[in-house]
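Mapping to UniProt numbering: the sequence shown position 240 is 240, numbers consecutive.
Heads up, the beta-carbon is just placed ideally off N, CA and C, and yes, glycines get one too.
The model shown is predicted, which means the values in this text are computed figures rather than measured ones.
Shown next, in structure tokens, is the structure this report addresses.
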Amino acid sequence: MNCFSIAIYIAINFLLINHFCFSKRLFGFAVEVKELKQTDLPYADIVKKFTSIITPANAMKWGSLENQKGQYNFDDADLIVKFAKENNKYIKFHNVVWHNQVPVRLQKLGKDELLKATIDHINVVFDRYAKDVLYADICNEIFQDGGGQRRENYWQKAIGDDYVELVYKAADESRKKFNPNLKFCINDFSVEGKNDKSNALYEISKKLKASGLIECVGFQTHLIAGSVPKDMKENMQRFVDLGLEVHLSEIDIRMKIDGVTDEELQKTTKQSVQDWKQVFENCLSVKGCKVMTAWGVGEPDSWIPSTFKGFGGGLLFDNKYQPKVAFETIKELIPSPDGSCKKKLNQTNSNLKRL
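If you want it as structure tokens, here you go:
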């Protein structure tokens with residue numbers, strides 16, 4: 001092989017690696033400060049080893065950052081940002097507008113006051129964090145649990161349907177100042193398959209995308225074992241066709257663990273393993289599905305037992321933060337966070353320069 005052929009080979013290899021790196025998916029966990037601090041648990045080591053991106057499960061919510069007007073507590077959020085920087089992890093900001101974990105004082109505000117309070121809050125937190133985050137959930141769970149109607153949160157009551165676009169416009173003005181590359185998402189649950197709720201999410205996403213206000217949509221993917229929608233890939237694709245990234249943003253797959261026989265539990269556990277694999281394969285088969293985030297690391301930090309009585313087993317690590325069969329099954333599907341893409345690109349680039 002002559003020098004010209006070698007150069008062509010290396011150049012093609014460089015282009016292929018470059019394409020792979022820039023189209024690579026990100027895998028992550030929603031993290032809690034309390035667990036990250038516990039040195040007697042492997043929690044932090046698991047996050048360091050397997051993730052490319054982390055989502056603060058609670059630390060960046062309005063009620064955590066500014067429960068009292070103008071009185072900000074950045075301690076937990078700062079710790080997560082510090083952890084991410086030290087370990088080369090991306091961050092997804094979660095979230096601005098939600099019907100939970102927001103200051104009660106907001107419900108007393110009229111339209112103009114609430115919009116101003118929201119803009120002020122966005123500006124303060126973006127000033128501090130926008131430069132450090134890759135994605136941000138601006139509006140979270142704007143639709144009712146059972147369908148495509150708007151949820152009666154504080155903003156819906158005070159402002160009406162227009163609040164979503166107004167909040168995104170305000171956030172857009174803020175990101176222009178603090179990080180123009182920050183990508184905005186809209187996030188909701190029970191939208192993994194085609195239904196009234198995902199249709200409503202599609203319509204608002206289409207409108208926001210056309211206005212240049214969002215870049216990604218989050219399918220929370222809180223599932224029950226055996227309930228992965230058959231049309232999940234098709235549903236993801238229609239959002240991708242709008243020019244949006246799709247994120248599986250809060251994955252857990254719960255199962256009934258109380259009041260069942262050992263045989264029933266074994267059968268459901270096996271189904272859960274298959275479901276985790278199916279969910280990951282669904283994302284990997286849709287080019288625009290870019291991020292997969294499990295909503296917690298191990299069972300001690302799962303929200304499921306306190307919310308769904310008798311259910312559990314929804315995460316990838318057990319009560320002692322040991323990997324479950326589900327994790328071992330999908331391990332090879334998890335994008336590597338070790339920086340191997342960057343190393344390969346640098347090495348190939350060096351080879352080209354030597355020719």
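Here's a check: name, in chain order, each residue in its chain whose Cβ is nearer than 7 Å to the Cβ of Pro335, leaving out the five neighbours to either side. For this step, residue 335 is matched to residue 335 along the sequence shown. Around Pro335: Lys24, Arg25, Leu26, Phe27 and Ser52.
Are the Cβ atoms of Tyr163 and Ile214 separated by less than 8 Å? Translated into positions along the sequence shown, residue 163 becomes position 163. Translated into positions along the sequence shown, residue 214 becomes position 214. Not in contact: Tyr163 and Ile214 (Cβ atoms no closer than 8 Å).
Between the segment 31-38 and the segment 54-68, do at least 3 Cβ pairs fall closer than 8 Å? Segments in contact, yes.
Could you tell me whether the segment 255-265 touches the segment 282-294, using the rule of 3 or more Cβ pairs below 8 Å? no
If Gly310 sits next to Lys267, beta carbons under 8 Å apart, how far is it from one beta carbon to the other, in whole angstroms? For this step, residue 310 is matched to residue 310 along the sequence shown. For this step, residue 267 is matched to residue 267 along the sequence shown. Gly310 to Lys267, Cβ: 16 Å. No contact.
Can you find at least 3 beta carbon pairs, one from the segment 101-118 and one from the segment 127-141, that sit closer than 8 Å? no
Taking the straight line between their C-alpha atoms, what separation do you get for Asn181 and Asp172? On the sequence shown, residue 181 is found 181 positions in, with the first residue counted as 1. On the sequence shown, residue 172 is found 172 positions in, with the first residue counted as 1. Taking the straight line from one Cα to the other gives about 11 Å.
Any contact of the segment 190-203 with the segment 229-240, i.e. 3+ C-beta pairs under 8 Å? Segments in contact, yes.
Determine, using beta-carbon pairs with one atom in the segment 185-195 and one in the segment 131-142, whether at least three such pairs fall under 8 Å. yes
Spatially closest choice to residue 356 from Val191, Ala225 and Gly63, by CA coordinates: The requested residue 356 does not occur in the structure, where the chain is confined to residues 1 to 355.
On a Cα-Cα basis, can you pick out the residue from Gly243, Asn123, His121 and Val96 that is closest to Gly288? Here the question's residue 288 lines up with position 288 in the sequence shown. Comparing Cα-Cα distances from Gly288 to each of Gly243, Asn123, His121 and Val96, the minimum goes to Gly243.
According to DSSP, which residues form a beta bridge with Tyr90? Residue 90 sits at position 90 when you count from the first residue of the sequence shown. DSSP, once it has assigned bridges, lists Ile53 as partnering Tyr90.
Below 8 Å on the Cβ atoms is my guess for Val286 versus Lys233; work out the distance and round it to an integer in Å. What you label residue 286 is simply residue 286 of the sequence shown in a count that begins at 1. What you label residue 233 is simply residue 233 of the sequence shown in a count that begins at 1. Between Lys233 and Val286 the Cβ distance is about 6 Å, and since that is below 8 Å, they are a contact.
Own chain residues within Cβ distance below 7 Å of Phe22, not counting five before or after: Within the sequence shown, residue 22 is the residue found at index 22, counting from 1. A caution first: Phe22 carries a pLDDT of 45, below 50, which makes its placement in the model unreliable, though a value can still be read off. Excluding positions up to five away in sequence, the list is empty.
Any idea what DSSP makes of Ala225, helix, strand or coil? As a first step, residue 225 is located in the sequence shown; it is residue number 225 there, counting from the start. If DSSP states are grouped into helix, strand and coil, Ala225 belongs with coil.
Roughly how many angstroms separate the alpha carbons of Gln144 and Pro337, rounded to a whole number? The residue labelled residue 144 in the question sits at position 144 within the sequence shown. The residue labelled residue 337 in the question sits at position 337 within the sequence shown. The alpha-carbon atoms of Gln144 and Pro337 are separated by roughly 36 Å.
So Ser190 and Asn123 are in contact, right, with Cβ under 8 Å, and what is the actual spacing, rounded? Here the question's residue 190 lines up with position 190 in the sequence shown. Here the question's residue 123 lines up with position 123 in the sequence shown. The Cβ separation is near 32 Å, so there is no contact.
Name the DSSP bridge partner or partners of Thr293? In the sequence shown, the residue the question calls residue 293 occupies position 293. According to DSSP, which records beta bridges pairwise, Thr293 is partnered with Gly28.
Are Val133 and Phe93 close, meaning C-beta to C-beta below 8 Å? Translated into the one-based positions of the sequence shown, residue 133 becomes position 133. Translated into the one-based positions of the sequence shown, residue 93 becomes position 93. In contact: Val133 and Phe93 (Cβ atoms closer than 8 Å).
Where DSSP assigns a beta bridge to Lys183, which residues make up the other side? Along the sequence shown, read from residue 1 onward, the residue named residue 183 stands at position 183. Its beta-bridge partners are Tyr135.
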